[in-house]
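Engineer:
Numbering (the working numbering), first residue to last: 4 to 324.
#1: Assign residue 269 to buried or exposed, taking buried as 16 or more other Cβ atoms, counted over all protein chains shown, within 10 Å of its Cβ.
#2: Under 8 angstroms by Cβ, that's how I've got residue 144 and residue 134 pegged, so tell me the actual separation to the nearest angstrom.
#3: What does DSSP give as the partner residue(s) for residue 269 in the beta ladder?
#4: By Cβ distance, which residues of its chain are closer than 8 angstroms to residue 275, with the 5 residues on each side in sequence left out?
#5: What whole-angstrom Cβ distance do residue 137 and residue 183 have, given they're in contact under 8 angstroms?
#6: If you count every other CB in all the chains shown that lies within 10 Å of the CB of residue 17, and 16 or more means buried, which is it?
#7: Mapping the DSSP letters down to three states, classify residue 242 as helix, strand or coil.
#8: Distance check for residue 313 and residue 75, CA to CA, integer angstroms please.
#9: Taking Cβ to Cβ, would you say residue 316 is nearer than 9 angstroms to residue 277?
#10: Residue 281 to residue 7, Cα distance in whole Å?
#11: Can you tell me which residues form a DSSP beta bridge with residue 178?
#12: If I follow the unbroken alpha helix (DSSP H) through residue 75, where does it start and stop?
#13: Checking 9 angstroms against the spacing of the C-beta atoms, do residue 9 and residue 31 come in under that value?
#14: Please tell me whether residue 294 and residue 279 are closer than 9 angstroms, where the distance is taken between their beta carbons.
#15: With 16 as the cutoff for other CB atoms within 10 Å, does residue 318 come out buried or exposed?
#16: By DSSP, does residue 284 sit in helix, in strand, or in coil?
#17: Tell me, which residues are paired with residue 121 by DSSP?
#18: Here's the rule: buried if 16 or more other CB atoms are within 10 angstroms of the residue's CB, otherwise exposed. What is residue 130?
#19: Cα separation between residue 175 and residue 264?
#20: Do you know whose CA, among 128, 166, 167, lies nearest residue 285's CA?
#21: In angstroms with no decimal places, state the Cα-to-Cα distance between residue 287 and residue 311.
#22: What does a CB cutoff of less than 8 angstroms around residue 234 pick up in its chain, not counting 5 residues either side in sequence?
#23: Return the Cβ separation of residue 71 and residue 163 in integer angstroms, given the expectation that the two are a contact with Cβ distance under 8 angstroms.
#24: Can you check which of these residues, 109, 228, 213, is closest to residue 237 by C-alpha distance?
#25: To the nearest whole angstrom, what separates the beta carbons of residue 220 and residue 168, a pair I think is in contact under 8 angstroms?
In structure tokens form, the structure reads like this:
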């Protein structure tokens, strides 16, 4: 049961419209219930909180007319939750360490790396990286909604970009530009228009001048679409790939959890089914768990998992055709 102080804080944060505090207390209650063995209640509380974490936010009173540019997430993913290669993990650990020690670096005239360009196929962990960095550093994650940022009116997109960078100064956080090629595309493309060039030039100026303590992450599925002038503006460029066989096995083991049968062979299940992205493998595992539950079984077999991986692979191949 919630303590009296927790209940009072929960009520107070609700009426003060302090959503971050409200969510924090609710997650504390969920953790308490889980420790008491009330797993169903704990899961229900966490699910309710997570469903409310993605929302348009009013974090910047000075720019309320641009509220719809941002979507805020309260991240719950840790670095240990990611299934990535050792080299990529070391680079993320370096970003986290430098951010935590930024004052120490500044005393020596150095800056922490906080402007990241990440690229790779869909579903390989780019968005999750932003969530993980935000969680590990205790910062809010704000996704810049590209479809709301880019408009057809001359000069408006650049004006909105200026607001985004002003907000980075106003509120420290992790700012994710997803589908970054929408504004970072090559300026010399034959189908380009003048407005797109102006938007990219504005972004180059803003990111180079930025002196905030916020993390800036630009993510794209296809780095070849980006203008070459962008690369030197970022402190690090990180590549993401589909998982290797060993990484896929670790991912499936984590995802299946208690639903994995003792006889399940991951090697047999993935034979001829890869490559698939992290997201596709996770979806195949979820499909296998649901199929096992609905068919009256409590474990996922090799055949069942293989069938679900096959379904995902053939769907992926159809999308590419």
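Each residue gets a CB set at the ideal place from its N, CA and C atoms; glycine is no exception. The structure displayed is predicted, hence computed values, not measured ones.
Structural biologist: Quick look at the numbers:
#1: So residue 269 ends up on the buried side.
#2: About 6 angstroms; that satisfies the 8 angstroms criterion.
#3: Its beta-bridge partners do not exist; DSSP assigns none.
#4: none
#5: At roughly 17 angstroms, the Cβ-Cβ gap does not stay under 8 angstroms, so residue 137 and residue 183 are not in contact.
#6: It is exposed - the Cβ of residue 17 has fewer than 16 other Cβ atoms within 10 Å.
#7: strand
#8: 35 angstroms
#9: yes
#10: 43 angstroms
#11: In the DSSP output, where bridge partners are listed per residue, residue 178 has 145, 219.
#12: From DSSP, residue 75 is part of no alpha helix (DSSP H) but of the beta strand (DSSP E) over 73–76.
#13: yes
#14: no
#15: exposed
#16: helix
#17: 222, 241
#18: buried
#19: 45 angstroms
#20: 128
#21: 5 angstroms
#22: 120, 240
#23: Wrong, their Cβ atoms sit about 10 angstroms apart, outside the cutoff.
#24: The shortest C-alpha to C-alpha distance from residue 237 to any of 109, 228, 213 is the one to 213.
#25: The Cβ separation is near 14 angstroms, so there is no contact.
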